[in-house]
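Notes follow once the structure below has been shown.
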Amino acid sequence: MGSPLTSDDPAAIGPYRLESRLGSGGMGTVYLATAPDGAKVAVKAIRRDFAADPVYRARFHEEVSNARRVASFCTARVLDHGDDGGMLYLVTEYIDGVSLEDHLIEHGALQPSVLHSAAVGVAAALTAIHAAGLVHRDLKPANVMLTLAGPRVIDFGLARSTQVGSRHTNVGLVMGTPGWIAPEQVFEGRTSPAADVFAWGSLIAYAGLGGHPFGSGDAYVMAARARTAPPDLRGLPAPLDRLVAAAIHPDPSRRPQARELLLELVGAPDVAGAQLAATRHLTDSWNPADLGVRQPPPGQGWSPPPGRQRPPSRQAAPPPPSRQAPPPPPAETTIPPRQGPFVPPAETTVPPRPGPFVPPAEMTIPPTATRRGPVPHGANPAETTGGGPMPYHATGQGPLPQRPPYQMTGQGPLPPRPARRGGVLSGCLVAAAVVVVLVLLLIAAVAWIFKPPAIGAEGPVQDGKLRFTVTGHKCAKAAQAAKVRTCRVSLKVSNIGQEGRVLYPGQQKLLDNDDMRHSAAKLLDRAGKEIQPIRIGPGESFTGGLVFELPKEADPAGVELHDSGLSRGIKVVLG
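Take 487 as the starting number for the sequence shown in the working numbering and just add one per residue.
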């Protein structure tokens, strides 16, 4: 049951006797505990630095009181909360099961029927949470439990530090989970039920495809992709493909509400009917055997086991061979992991659909394709026997060729001389050389096509929705013992689009005289002070500089400026 208590853990919190550790995170530590009536419960002890803040304490008690009013359907019921000698704690129903994260790591993407049930359960949980005036704020696979009764959402109702000065930024960005934080949370600090809907869409895509729709990276990178790179959702079954595309829309005002998702998934006319329809759906369709995994010992689902590395891309594990199936081949061939769905899919207009929610008209989804995953086991192609040159006496094509004399050995005739293969081998080598040359020419052509155009430094240049004006550059003289030197490029960046853009220094490149590219190390404001990636609103401008490091002997030749990490970029020659 989890990991043993340490010497720093208390023996009890309030009236609850602690049994073991279930996990820990940015807000505190979760314990398995025994209530006074003998029931097993989960107790979350809030970090003391948060508990010491009076604003946080007030919000904690207010929001937990609201959380106790959340309907327990598909959620972990909040049972109690309190203050034990300055330690704030939250008590919830103990959920015995395996987390969705652990299941995906071990078994890969969910089958369509299980995926639909998970989508229903999580949407029902969010509907109940939002109806109580709460926002989960941390919906992710580790906080969805797969139980014998169906999916359950845990770890909600805790007041986040939204009014504790700078610590809000540290908790919201550093301690948040990249990929599950909506872009408006990352760039504007705005949290609303729409952020939970975004997390729902990302979670369902991840569970259905075996990989995150926006790839991997830190919070800033993934949030930027969510705003600029249409995800690849091919492989999601209907209607989840439409609903996920709507849920992860970059504009929070255009995402459906959780209750609209639930109504669409179960085909109910209203929320009251949707909860009943969801109950019936899970009762009829949820089969733990479809998960292909035994229920783990209690406590294994609160967080990944210690030391487990989370892979950047998840793939479906091959199904176990049946007793009637032929044994798998010695060398299994699998489809290589996805490198992140960053290529916009072919546009296909979303057809109209019944129900209370209709996605935006211009929203597009790629055509449905087969589910990704490893190539299934199968018998090898039938092997061809009798290979090798045909004996000369069996050709029937004229007189036998002259053979060299041989001595009698008493062991029968010598084996036939193998046919000459020099001509065939030479032909293969020539063909291979031609193919290599064609491939190299193709690569060179593609590189030339996608090479950013070079433009002089005079006047503004544009990439995507950002307009850049390079106003100057200066490279410091390197010290004698130094191996690198710094160059500063001054510029003005204007957003000519209708949505906010984020200027990331790492996406901007300095090209040296050997055409080597160097990413910017720092972003400076107008006063020369280092700042974090900055959001530029529609119609707004930023003036500052980029700092690059390049080898001591290299000279700057130009800069390559990008609207985003996925854009083609524009090259400006430095005079």
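Every residue, glycine too, gets a C-beta built ideally from N, C-alpha and C.
For clarity, every value in this text was computed on a predicted model and none was experimentally measured.
In whole angstroms, give me the CA-to-CA distance for A1013 and A685.
About 38 Å.
Just the Cα atoms here: how many angstroms apart are A731 and G687?
Straight through space, the alpha carbons of G687 and A731 are spaced by roughly 7 Å.
What is the DSSP secondary structure of D1000, reduced to helix, strand or coil?
Reduced to three states, the DSSP call for D1000 is coil.
In its own chain, which residues sit with a C-beta less than 8 Å from the C-beta of R1003, not counting the 5 before and 5 after it?
Once the five neighbours on either side are set aside, the close Cβ partners of R1003 are K995, L996, L997 and E1046.
Would you mind stating whether G511 and A531 have Cβ atoms separated by less than 7 Å?
No, the Cβ-Cβ distance between G511 and A531 is not below 7 Å.
For L574, which residues in the same chain have their Cβ closer than 6 Å to its Cβ, ignoring the five residues on either side in sequence?
Taking L574 as the centre and dropping the five residues before and after it, the same chain places the C-beta of I532, A537 and F546 closer than 6 Å to its C-beta, in chain order.
Considering only residues of the same chain and omitting the five flanking positions on each side of V577, which have a CB-CB separation below 6 Å?
Within the same chain, V577 has close Cβ partners V527, V529, L565 and D566.
When we look at the beta-carbon of P1024 and count the other beta-carbons within 10 Å, is it buried (16 or more) or exposed?
P1024 should be labelled exposed.
Own chain partners of A557 with C-beta closer than 6 Å, once the 5 adjacent residues on each side are dropped
A614.
For A528, the three-state DSSP class (helix, strand or coil):
A528: strand per DSSP, three-state reduction.
Measure from the alpha carbon of A519 to the alpha carbon of each residue in F673, S702, L1010 and I581, then state which is nearest.
If we check each option's Cα against that of A519, I581 comes out closest.
Start and end residues, alpha helix (DSSP H) containing D535:
Taken as a continuous stretch (DSSP letters only), the alpha helix (DSSP H) holding D535 covers R534 to A537.
So what does DSSP say about V660, is it helix, strand or coil?
Because the pLDDT of V660 is 34, which lies under 50, any placement of that residue in the model is unreliable, and the number read from its coordinates should be weighed accordingly. Helix, per DSSP.
Among Y502, V516 and S506, whose alpha-carbon lies nearest the alpha-carbon of A525?
Comparing Cα-Cα distances from A525 to each of Y502, V516 and S506, the minimum goes to Y502.
Same chain, Cβ closer than 7 Å to I982, five either side skipped, listed in chain order:
These residues qualify, in order along the chain: K951 and R953.
Going by beta carbon distance, what residues of the same chain come within less than 6 Å of L625, once the five residues before and after it are set aside?
Exclusion of the five residues before and after L625 leaves D682 and A685 as the residues of its chain whose Cβ lies within less than 6 Å of its Cβ.
Tell me, please, which residues DSSP counts as bridged to K960.
DSSP output for K960 lists R974 as bridge partner(s).
Limits of the unbroken alpha helix (DSSP H) element including P598
That run of the alpha helix (DSSP H) goes P598 to A617.
So, for W666: in the same chain, excluding its five sequence neighbours on each side, which residues have a beta-carbon less than 8 Å away from its beta-carbon?
Answer for W666: D624, L625, K626, A685, S688 and L689, listed in chain order.
Relative to the alpha-carbon of A610, which residue among E1035, P991, D756 and A668 has its alpha-carbon at the smallest distance?
When only C-alpha atoms are compared, the closest one is D756.
Beta strand (DSSP E) containing A1013: first to last residue?
Element bounds for A1013: n/a, residue is neither H nor E.
Taking only three categories from DSSP, how would you classify G514?
If DSSP states are grouped into helix, strand and coil, G514 belongs with the strands.
Just how far apart, CA to CA, sit P798 and G701?
Any reading at P798 needs caution, since the residue's pLDDT is 38, under 50, leaving its predicted position unreliable; the model's value is listed next. For P798 and G701, the distance between alpha carbons rounds to 8 Å.
Let me check understanding here. Comparing Cα to Cα, which of Y990, V988 and H698 lies closest to A595?
Checked all of Y990, V988 and H698; the closest Cα to A595 is H698.
Measure how close the beta-carbons of L748 and A760 come, nearest whole angstrom, since I'm counting them as under 8 Å.
About 5 Å separates the two Cβ atoms, so the contact holds.
Starting from A1043, trace the beta strand (DSSP E) both ways and give me its first and last residue.
Annotation: the continuous beta strand (DSSP E) that includes A1043 extends over P1042 to L1047.
In the DSSP assignment, find the beta strand (DSSP E) that holds S493 and state where it starts and stops.
Annotation for S493: no beta strand (DSSP E) segment contains it, and DSSP assigns it neither H nor E.
Within the same chain, show all residues whose beta-carbon is closer than 7 Å to that of F673, passing over the 5 residues directly before and after it, in chain order.
Answer for F673: A709, G986, V988 and R1021, listed in chain order.
Is the distance from the Cβ of E1035 to the Cβ of A1007 below 7 Å?
Contact flag set, yes.
Helix, strand or coil for P738, going by three-state DSSP, please let me know.
If DSSP states are grouped into helix, strand and coil, P738 belongs with the helices.
Let me make sure I understand the geometry here. Which of V600, P664 and P669 has the alpha-carbon closest to that of P637?
Of the candidates V600, P664 and P669, the one whose C-alpha sits nearest the C-alpha of P637 is V600.
E1039 bridges to which residues according to DSSP?
Under DSSP, no beta-bridge partner is assigned to E1039.
Since I believe V639 is in contact with S585 (beta carbons under 8 Å), could you give me their beta-carbon distance rounded to a whole number of angstroms?
Between V639 and S585 the Cβ distance is about 11 Å, and since that is not below 8 Å, they are no contact.
Does any CB atom of chain C fall closer than 7 Å to the CB of G500?
Of the protein chains in the structure, only one exists, and it is not chain C.
Hey, would you say the C-beta of D949 is under 6 Å away from at least one heavy atom of the ligand COA?
The ligand content of the structure shown is nil, which means the ligand COA is not present either.
For P677, does the three-state DSSP call read helix, strand or coil?
A small fix is needed here, since residue 677 is Thr in this sequence, not Pro. Residue state, collapsed to three classes: coil.
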